Amino acid sequence: MKQEEKDRIIERQLRFQDLLISISTKYINSDLSDIDTIINASLKKIGQFVGSDRSYIFSYDFNTNTTSNTYEWCAEGVSSEMHNLQNVPIDYIPQWLEAHKKGEAFYIENVSLLPKDGPHGLRGILEPQGVKSLLAIPKFKNNQLIGFVGFDAVKTLKPYTENEKNILFVFANMLVNVMQRKEHEDQIKAQEKKKEELLIHLSRQNEQLNEYAHAVSHDLKAPLVSIHTLITWFMDDKKAQLNKTDLEQLNLVLFNVEKMDFLIEGILDYSTIDRLETPDTKINTNAIVNEIVKTLLIPRHIQIKIQENLPNIYANTWRIKQVFQNLIHNALKYSDKEKGIIEIGCVEKKDHYEFFVKDNGIGIHAQYFDKIFKVFTKLESKSTSSGIGLSIVKKIITYYQGEIWLESQEGVGTTFYFTFLKNNQLPSVPNKL
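Now the structure itself:
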């Protein structure tokens, strides 16, 4: 072979490689939302370069044992065959399929030299399409044969060198990669859409549950008040006629009515947390805590220490009152020392405040650390407590994108911690918790 011919072949291979790099770059950098346009454009470029009159992509379906034309480019003056080549039985092309299963290209340099094997034979399929030469490169995904990329010569015979075949194998792999990337992107989008739909559905369900709980709780309070009033009147009117056992039983009824009332009040508070329409404002937490302490009955043996420089925060006043009121009330309720101490303070962190309410009460066993934040969970059943207080606290802190936890030792005391973002910015539509 003359040097001039060698140089020409080398120059063509380099241009071929440059074309593949260009196509690959296009695949990597393009938005795959219009993948059909991108693939068709690459089929045109590669088809024109190798001098084919049709370039196309087929998919194999081994469930139905068929193959279908999914993409096609045709040179000017060459008719499309895509509509005629859907669900073609692979039994018509056994030698073609056998080569592809081995990972080999299927190449026919001259279709007219094939044996005449009837309308469903290879020659009988290709000649009506005007095909003179054909090259079909197999496509594999995860080591599974999924289809092929084909090149038809219609106007003249088209020989292919081994180097050209090898480079076209690279193109076939590029096509598989870009299609796989598209599949992954579609799967991610479908998952995100499903997740978004699920969140909307859960939000609506929670809203409906909160509305139902609010309505039912509100309706239950009226008959409870009536029951409590009637029993109290009865006890006053029949005081002289009631013996000790009668009074104990009636007082037990009143106790349970009050217990139910606290429970309903807790449900109302819990369902109100994310229903408030009052906007968040700047809150002086020292003022809030002092106001709460003044409204509580503080036994003389308990001292409450409040840090003087508690930070101002941006929140809803009612919600923040609920947080401190429940935590302070909890500390008072479980105080068992001759000299009880409750400390309320805050430590400033980089991007949030870390508040704490500390007591020297009975303490909590570690096995209950997670359970006590669940609705209706109580560590004892002798009081009128609803078991919702700490659930309300957790729901409010979560609403404001904070965290809550505790440290405790039985017989020593408990410290509840919760965080609050310094630059608290809630979404325009409140979270439905």
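Residue numbers (our numbering): 33 to 465. We put the CB at the ideal spot given by N, CA and C, even for glycine. Keep in mind it's a predicted model, so treat the numbers as computed, not measured.
Any non-hydrogen atom of the ligand SAH closer than 7 Å to residue i Cβ
| i | result |
| --- | --- |
| residue 344 | As for the ligand SAH, it is missing from this structure, which has no ligand bound. |
Separation of residue j from residue i, as counted between CA atoms
| i | j | result |
| --- | --- | --- |
| residue 147 | residue 127 | 13 Å |
| residue 22 | residue 197 | Residue coverage of the chain in this structure runs from 33 to 465, which leaves residue 22 outside it and unanswerable. |
| residue 323 | residue 386 | 21 Å |
| residue 139 | residue 216 | 33 Å |
| residue 381 | residue 288 | 45 Å |
| residue 451 | residue 220 | 33 Å |
| residue 416 | residue 235 | Summary for residue 416: the model assigns pLDDT 44, below 50, so the residue's position carries little reliability; its value from the coordinates is reported in the next sentence. Distance between the alpha carbons of residue 416 and residue 235: 32 Å. |
| residue 176 | residue 151 | 30 Å |
| residue 122 | residue 93 | 9 Å |
| residue 313 | residue 346 | 5 Å |
| residue 204 | residue 169 | 7 Å |
| residue 325 | residue 399 | 30 Å |
| residue 349 | residue 427 | 15 Å |
| residue 208 | residue 91 | 11 Å |
| residue 315 | residue 279 | 47 Å |
| residue 290 | residue 259 | 10 Å |
| residue 404 | residue 364 | 17 Å |
| residue 455 | residue 436 | 18 Å |
| residue 463 | residue 432 | Only weak support exists for where residue 463 lies, its pLDDT of 41 falling under 50; the coordinates are left without a value. |
| residue 413 | residue 340 | Only weak support is given to the placement of residue 413: the predicted model assigns it a pLDDT of 49, under 50, and the value that follows is read from those uncertain coordinates. Approximately 36 Å between the Cα atoms of the pair. |
| residue 192 | residue 218 | 37 Å |
| residue 114 | residue 160 | 13 Å |
| residue 154 | residue 195 | 26 Å |
| residue 453 | residue 429 | 10 Å |
| residue 384 | residue 422 | 21 Å |
| residue 134 | residue 111 | 31 Å |
| residue 79 | residue 156 | 24 Å |
| residue 109 | residue 163 | 14 Å |
| residue 210 | residue 344 | 54 Å |
| residue 70 | residue 406 | 54 Å |
Residue i burial status per 10 Å Cβ neighbour count (16 or more: buried)
| i | result |
| --- | --- |
| residue 129 | buried |
| residue 354 | buried |
| residue 311 | exposed |
| residue 232 | exposed |
| residue 158 | buried |
| residue 444 | exposed |
| residue 285 | exposed |
| residue 418 | Confidence at residue 418 is low in this model, with a pLDDT of 49, below 50, so the placement of that residue should be treated as unreliable; the coordinate-derived value is given next. Buried. |
| residue 548 | With the chain represented from 33 up to 465, any question about residue 548 goes unanswered, as that position is not in the structure. |
| residue 448 | buried |
| residue 335 | exposed |
| residue 446 | buried |
| residue 391 | buried |
| residue 357 | buried |
| residue 460 | Its pLDDT being 39, under 50, residue 460 is placed unreliably by the model, and the measurement read from it follows with that caveat. Per the 10 Å Cβ criterion, exposed. |
| residue 257 | exposed |
| residue 367 | buried |
| residue 230 | exposed |
| residue 132 | buried |
| residue 167 | buried |
CB of residue i within 8 Å of CB of residue j, strictly
| i | j | result |
| --- | --- | --- |
| residue 124 | residue 104 | no |
| residue 171 | residue 179 | yes |
| residue 352 | residue 374 | no |
| residue 227 | residue 85 | no |
| residue 101 | residue 117 | yes |
| residue 185 | residue 165 | yes |
| residue 360 | residue 389 | yes |
| residue 338 | residue 376 | yes |
| residue 485 | residue 439 | The shown model of the chain, from 33 to 465, leaves out residue 485, and the question about it has no answer. |
| residue 98 | residue 82 | no |
Distance between beta carbons of residue j and residue i, contact taken as under 8 Å
| i | j | result |
| --- | --- | --- |
| residue 395 | residue 372 | That belief does not hold up - the Cβ atoms of residue 395 and residue 372 are roughly 13 Å apart, past 8 Å. |
| residue 141 | residue 189 | 6 Å |
| residue 225 | residue 67 | So it is not a contact: roughly 18 Å between Cβ atoms. |
| residue 173 | residue 223 | Not really, about 20 Å apart at Cβ, beyond 8 Å. |
| residue 342 | residue 362 | 19 Å between Cβ atoms; not a contact. |
Counterpart residues of residue i in DSSP-defined beta bridges
| i | result |
| --- | --- |
| residue 441 | 445 |
| residue 105 | 87 |
| residue 313 | 347 |
| residue 177 | 172 |
| residue 450 | 387 and 436 |
| residue 336 | 374 |
| residue 92 | 99 |
| residue 183 | 87 and 167 |
| residue 380 | 385 |
| residue 138 | 168 |
| residue 120 | 99 |
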